[in-house]
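Numbering (our numbering), first residue to last: 333 to 532.
Beta carbons are placed, not taken as given, at the ideal position from N, Cα and C, and that holds for glycine.
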């Protein structure tokens with residue numbers, strides 16, 4: 333029995349040595365391979381041109397450009413906008429005796445822009461609510477103090493194309509008088525003429 337036990341021990345040792353050799357033979361040493369250095373090839377950072385107009389002026393009024401850059405911040409907010417009057421609505425002339433036969437006249441409105449010669453309607457800001465009708469404007473231009481029907485606004489008498497003005501009002505998409513535009517309009521509260529220009 334002792335010889336048998338010794339034989340089993342010797343067989344176990346040989347078997348263990350054989351397994352160790354098989355294991356080590358089946359796992360060759362891995363060599364680390366160094367990849368070539370990667371050099372990024374990116375385009376140059378583009379130089380962006382400066383904005384055409386400041387977003388706001390020193391008096392904290394917006395430019396038309398600045399107003400359009402921050403629609404979510406300024407929508408339904410009372411604010412001031414500085415710009416040039418580029419167009420004032422004038423009703424079509426009508427020589428018919430009965431007013432009912434004349435084309436329908438729109439409520440007074442005007443457009444301001446960052447430059448006096450801006451003709452692109454997308455770069456202009458619609459201003460409404462400074463008068464309810466043309467008769468109010470005519471009375472104001474004759475020197476009579478006139479207010480809108482609600483009495484909230486004194487009808488201005490010195491609006492003229494080419495003037496640089498600071499208009500204060502409420503920036504919104506739909507005015508109380510029914511005007512609406514997707515890029516916003518200013519419902520007039522008051523204005524100050526900063527410089528007079530020559531009417532076109």
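query	result
In chain order, what residues of the same chain lie with their CB nearer than 6 Å to the CB of residue 356, ignoring the 5 residues before and after it?	Because residue 356 sits at a pLDDT of 49, beneath the cut-off of 50, its placement in the model cannot be relied upon, and the following sentence gives the value as read from the coordinates. Cβ neighbours of residue 356 beyond the five flanking positions: none.
My guess is that residue 412 and residue 395 are in contact by the Cβ rule of under 8 Å, so how many angstroms apart are they, rounded?	Not a contact, Cβ separation roughly 11 Å.
From the DSSP output, which residues share a beta bridge with residue 522?	500
For a test of the three-state rule: what should DSSP assign to residue 508, helix, strand or coil?	coil
Relative to the C-alpha of residue 420, which candidate in 389, 461, 388, 435 has its C-alpha closest?	461
If we require 4 or more residues per run, which alpha helix (DSSP H) segments fall completely within the region 452-496?	466-473
Taking the alpha-carbon of residue 388 as reference, which of 380, 515, 453, 397 has the nearest alpha-carbon?	397
In whole angstroms, give me the CA-to-CA distance for residue 371 and residue 498.	55 Å
Specify whether the region 519-529 and the region 485-504 touch according to this definition: at least 3 beta carbon pairs, one from each stretch, less than 8 Å apart.	yes
Out of 454, 490, 381, 471, which has the shortest C-alpha to C-alpha gap to residue 514?	454
I need the straight-line Cα distance from residue 407 to residue 530, nearest angstrom please.	32 Å
Which runs of the beta strand (DSSP E) fall wholly inside the region 391-438 and span at least 3 residues, in chain order?	409-420
Nearest to residue 509 by alpha carbon, out of 489, 469, 439?	439
Count the other CB atoms within 10 Å of the CB of residue 444; is the residue buried (16 or more) or exposed (fewer)?	buried
Grouping DSSP H, G and I as helix and E and B as strand, with all else coil, what is residue 514?	strand
Within 10 angstroms of its Cβ, does residue 488 collect 16 or more other Cβ (buried), or is it exposed?	buried
So what's residue 385 in DSSP terms, helix, strand or just coil?	coil
Residue 354 to residue 368, Cα distance in whole Å?	The pLDDT assigned to residue 354 is 48, lower than 50, so where the model puts this residue is not dependable, and the model offers no usable value.
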